[in-house]
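The structure appears right after this line, and notes come after that.
Residue numbers (the numbering used here): 350 to 637.
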């Protein structure tokens, strides 16, 4: 075998290997349905149903019209045949169909962008399936966010965490904000809870400055669930209830223990009731 022929074989093998890496993710096809409501403003909700899926793969998202190349809100309202593209870093979703009475339906073809998959895998994630690339396109996952999560110090080993971070807007700015607020050992689930219950550094600093609870994100989530506000904590402190535990504060909210209730109990002979006693008084309805 000549050296020149060997070079050609090596080159062929290299190109074949590159093709497997680059084009390993196949297209995803299926159908779509869309519905527009005036309250959505500049967004339209689109549901995707992928073909060849054992679990009838379906996902939906409210998409801004500015992401749809070839479809405007006016076109969706006017009705008729449509052809448009939902563009994303992970690839393009080409869609064809019709609109009638603010509802649309049709078919789609998703073509993944191989450079996106390569970049994500280069950040340490396992090879991403075509379906996950498709989901990345629908959710508009950004490589910048993937990089931020990788460099944040969070334990992000599963690509599904990237989806969660995208949906709930857990980015470097929010992670750093919560870190500066004094929270340690942050994890993705805790940060998602923080986003869901609208816990930010301002809310956290106010509660912590009052001396209630410790610097735990879980505890502040409880505060949000039971609508514990800094104002409520200040009112309890004015009534002499300091150094309360998180559970005690939560009990006060659950049983609707207010400053007025405490003052009324004092006029009934309960000069300095504990939190537990206040709860029992509320349960028994002893307010006369």
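C-beta: ideal position from N, C-alpha, C; glycine also.
Being a predicted model, the structure only gives us computed values, none of them experimental.
* Asked: Relative to the C-alpha of residue 544, which residue among 534, 558, 524 and 555 is closest?
  -> Ranking 534, 558, 524 and 555 by Cα distance to residue 544 puts 524 first.
* Asked: Is the number of C-beta pairs between the stretch 467-474 and the stretch 484-497 that are closer than 8 Å three or more?
  -> Short answer: they touch.
* Selected residue, minimal CA-CA separation from residue 556, among 589, 598 and 503 -> Ranking 589, 598 and 503 by Cα distance to residue 556 puts 598 first.
* Excluding five sequence neighbours on each side, which residues of the same chain lie with their C-beta closer than 6 Å to the C-beta of residue 618? -> None.
* To do: With DSSP collapsed to three states, give me the class of residue 476.
  => In the three-state reduction of the DSSP assignment, residue 476 falls in the coil class.
* Which of helix, strand or coil DSSP assigns to residue 626 -> Here residue 626 carries a helix assignment [DSSP, helix/strand/coil].
* Quick one: Cα of residue 554 to Cα of residue 520, how far? -> Those two C-alpha atoms are separated by around 20 Å.
* To do: Under 7 Å Cβ to Cβ from residue 436, same chain only, skipping five residues before and after it: list those, please.
  => 416 and 418.
* **residue 392 versus 423, 399, 605 and 377, residue with shortest Cα-Cα distance** => Looking at 423, 399, 605 and 377, the one whose alpha-carbon comes closest to that of residue 392 is 423.
* **Coil, strand or helix - residue 508 by DSSP** => If DSSP states are grouped into helix, strand and coil, residue 508 belongs with coil.
* C-alpha gap between residue 384 and residue 613, whole angstroms -> Straight through space, the alpha carbons of residue 613 and residue 384 are spaced by roughly 54 Å.
* Please work out which residues of its chain come closer than 8 Å, Cβ to Cβ, to residue 513, disregarding the five sequence neighbours upstream and downstream, and give them in chain order. => Answer for residue 513: 519, 537 and 541, listed in chain order.
* Asked: Which same chain residues, not among the five before or five after residue 434, have their C-beta less than 8 Å away from its C-beta?
  -> So the qualifying residues of the chain are 417, 418, 419, 441, 442, 443 and 444.
* So who's on the other strand from residue 442, going by DSSP bridges? -> Note: residue 442 sits in a beta bridge opposite 435 and 459.
* Asked: What are the boundary residues of the beta strand (DSSP E) that includes residue 384?
  -> Where residue 384 is concerned, the enclosing beta strand (DSSP E) starts and stops at 377-384.
* Asked: In terms of residue numbering, what span does the alpha helix (DSSP H) encompassing residue 570 cover?
  -> For residue 570, the uninterrupted alpha helix (DSSP H) segment begins and ends at 566-574.
* Asked: Between which two residues does the beta strand (DSSP E) containing residue 408 stretch?
  -> Run containing residue 408: 407-413, per the beta strand (DSSP E) assignment.
* Close-in-space but distant-in-sequence residues of the same chain around residue 421 (CB under 8 Å, 5 per side omitted) -> Excluding its 5 nearest sequence neighbours in each direction, residue 421 has C-beta neighbours in its own chain below 8 Å: 414, listed in chain order.
* **When 587, 578, 502 and 630 are compared against residue 608, the one with the closest alpha-carbon** => Of the candidates 587, 578, 502 and 630, the one whose C-alpha sits nearest the C-alpha of residue 608 is 587.
* I think residue 431 touches residue 409, with their Cβ atoms under 8 Å apart; what is that distance to the nearest whole Å? -> Taking 8 Å as the upper bound for CB-CB distance, residue 431 and residue 409 are not in contact here, some 18 Å apart.
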